[in-house]
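> In the working numbering, the protein residues as written are 223 to 561.
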Ligand code: SAM
Ligand code: SF4
């Protein structure tokens, strides 16, 4: 019943992208103009998403689902989807530590409109939120996201805390020469607000394909910069979680670093993904997709969907090759896959 890939890793975590659209145009993700959106008819309905999620949970003991995009809050009636997914329970006989419990349901958002729906999301059963915030300077925020929305995002983070989400985390992509001078400021922000800041190494999934290694600020450098100001000790045992974590020695919380480029964690990867148009992917960087939408819309049974998912996971590779000559950029970019 477990979903195990050819390298012995058990799939536990599903990322569902619910839209490819976004109200921001972050330079490391999208071009300023000219993104081609999926036709609406190609995007899965909430009921189709619930069905695929239920197959992953019910057949394979997947115990965590993260909703992402594009910007998930761009989809109308998001709490309706949250309500459907929050009801999924990990089967009692699953080998997951969450067997018999509701799935761990989380969302990643840019936070711009979070103030408007934080309470509703909480009432619908959402437990955890990650808000993306790469800079605390309004002019730089406008340059990085191409939108003048810093105040709304900060307000959204406060709204998530006020609504009782625990934990609230902040995702910050660090780019050399762009915002690497704010690493300590972002850490300070996290300490003051009681949120864990997770620094993300810049990955080659930008729509403009300008990524190169020189723009990546690696984990060691990020941790060293913070530790100079706020002494840190590493929190042991990451398991399958993508972030390595450190705690402040003065007890003022933790930070995370997602070292996708300098210290890939592929060996522990337990994730699979479904794009907004219902394509199943075994890796962010996968170059092959499996068309679950076609199966769904052609009347496939749950067992047939599960068989296709198992077949897909049977092709999962050992890991991406970022930085090596063998690396091939996927056809779709971050917002089209779902980060
Ligand atoms: N729109 C939402 C947001 O920004 O939080 C969810 C989707 S976004 C694609 C998910 C995460 O991917 C965000 O934290 C974003 O900063 C990150 N991201 C986007 N492009 C990236 C890149 N090229 N390298 C590393 N992280 C990236
Ligand atoms: Fe939109 Fe998120 Fe991509 Fe920024 S990172 S453009 S907010 S999808």
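Yeah, the Cβ is synthetic: ideal placement off N, Cα and C, and Gly gets one too. Fair warning: this is a prediction, and the values are worked out from it, not measured in the lab.
Since I believe residue 545 is in contact with residue 481 (beta carbons under 8 Å), could you give me their beta-carbon distance rounded to a whole number of angstroms?
Incorrect: roughly 12 Å between the Cβ atoms, too far for contact.
> With 16 as the cutoff for other CB atoms within 10 Å, does residue 527 come out buried or exposed?
With 16 or more other Cβ atoms within 10 Å, it is buried.
> Out of 451, 463, 467, 448, point me to the one whose CA is closest to residue 457's CA.
Taking only the C-alpha atoms, the option nearest residue 457 is 467.
> Among all the DSSP beta bridges, which residues are the ones paired with residue 394?
In DSSP, residue 394 forms a bridge with 421.
> Under the three-state reduction of DSSP, which class applies to residue 501: helix, strand or coil?
DSSP places residue 501 in strand when its eight states are reduced to three.
> Does ligand 1 have even one heavy atom less than 8 Å from the beta-carbon of residue 293?
Yes, the Cβ of residue 293 comes within 8 Å of a heavy atom of ligand 1.
> On the DSSP letters alone, give me the boundaries of the beta strand (DSSP E) that residue 286 sits inside.
Start and end: 286 to 290.
> Name, in chain order, the residues that DSSP records as bridge partners for residue 433.
Answer by DSSP bridge pairing: none, since residue 433 is not bridged.
> Can you check the stretch 338 to 363 for any beta strand (DSSP E) of at least 3 residues that lies completely inside it and give the ranges in chain order?
Counting only runs of 3 or more, we get 350 to 354.
> On the criterion of 16 or more Cβ atoms from any shown chain inside 10 Å, does residue 436 qualify as buried, or is it exposed?
The residue is exposed, with fewer than 16 neighbouring Cβ atoms inside 10 Å.
> With a threshold of 8 Å (Cβ to nearest heavy atom), would residue 497 be considered close to ligand 2?
For ligand 2, not one heavy atom lies less than 8 Å from the Cβ of residue 497.
> Which word fits residue 516, buried or exposed, when buried means at least 16 other C-beta atoms lie within 10 angstroms of its C-beta?
By the neighbour-count rule (16 or more Cβ atoms within 10 Å), residue 516 is not buried but exposed.
> Return yes when the Cβ of residue 401 is within less than 9 Å of the Cβ of residue 335, no when it is not.
For residue 335 and residue 401, no; Cβs fall outside 9 Å.
> Tell me whether residue 268, by its Cβ, gets closer than 8 Å to a heavy atom of ligand 1.
The answer is no for residue 268.
> Measuring only the C-alpha atoms, how far is residue 348 from residue 333?
Between residue 348 and residue 333, the C-alpha separation is close to 15 Å.
> What would DSSP say about residue 521, mapped onto helix, strand or coil?
The answer is coil: DSSP assigns residue 521 none of H, G, I, E or B.
> From what residue to what residue does the alpha helix (DSSP H) around residue 454 run?
It is not in any alpha helix (DSSP H) - residue 454 instead sits in the beta strand (DSSP E) that spans 454 to 457.
> Quick check on residue 327: buried or exposed, where buried means 16 or more other Cβ atoms within 10 Å of its Cβ?
Buried, because 16 or more other Cβ atoms sit within 10 Å of the Cβ of residue 327.
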